[in-house]
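The structure appears below as structure tokens.
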Amino acid sequence: MGQFVYAMNVSLDLRIEQVPGDNGAGEWLRIDEELHRDANARTRDLAMIVHGRVMYEVMEEYWPRAPGDASLPDFMREYGEIWLAKPKVLVSRTRRSADYNTRIIGGDDAIEQLAVLRAETEGTIAVGGAALATQLLRAGLLDELQLTTHPSILGFGRPLFDDYDLPIDLELLDQQTFKSGVTLHRYEIRKEAD
């Protein structure tokens, strides 16, 4: 069985956007070459990526062009190649088509379809998008948080989870510090039966 891992850039106060619609591209982020190369390696090791519609559309707008853009550094072109090749699932009620090795799951039973996908997949399945991660957390299907924490306190903006007000018991699996001051923490989400 696969594991759903919610991987997200966050501020110290667990915000993922400062301004609505910045979709993780705010000036508060410190994404340098070291961090990007680490993200490339982690993405390369994934079995699959599952995106909510908003996150998918952000990715689809930029990364397909990156491999051929000579103005970009090699590590960004490399990420574009990895993203294009990786099997992806788009969870959307409105999209009917998607390119770039992507299939669509939608409808009222999307979370049930994702549960089947998780059961049939070996390896790590990255989850992108707060709304989707919140739904998976509520369904007891989210296995791990991978938080790339940037040394900023935003004070406002979109939180890590949408409209979730229950305690979450976590166990630290791994941590890493980058030269930029960014830290990466991997946490297992402890289920009630643990």
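For what it's worth, our numbering labels the leading residue of the sequence shown as 802, then goes sequentially.
Just so you know, even glycine gets a beta-carbon here, dropped at the ideal spot from N, CA and C.
Asked	Found
Where does Met802 sit, in a helix, a strand or coil, going by DSSP?	coil
Tell me which residues share the same chain as Leu948 and place their Cβ nearer than 6 Å to its Cβ, disregarding the 5 neighbours each side in the sequence.	Val811, His986
Alpha helix (DSSP H) containing Thr922: first to last residue?	From DSSP, Thr922 is part of no alpha helix (DSSP H); its letter is neither H nor E.
Between the alpha carbons of Tyr965 and Glu818, how many angstroms are there, rounded?	17 Å
Report the option in Gly924, Leu933, Gly827 whose CA atom is closest to the CA atom of Met849.	Gly924
Using a 10 Å radius around the Cβ and a threshold of 16 neighbouring Cβ atoms, would you call Leu967 buried or exposed?	exposed
At 3 residues or longer, what runs of the beta strand (DSSP E) sit wholly inside the stretch 922-980?	925-929, 943-951, 971-978
Report all residues from its chain with a CB closer than 8 Å to the CB of Arg897; omit the five preceding and five following residues, and keep chain order.	Ile905
Do the stretch 873-889 and the stretch 834-845 meet, that is, are 3 or more Cβ pairs less than 8 Å apart?	yes
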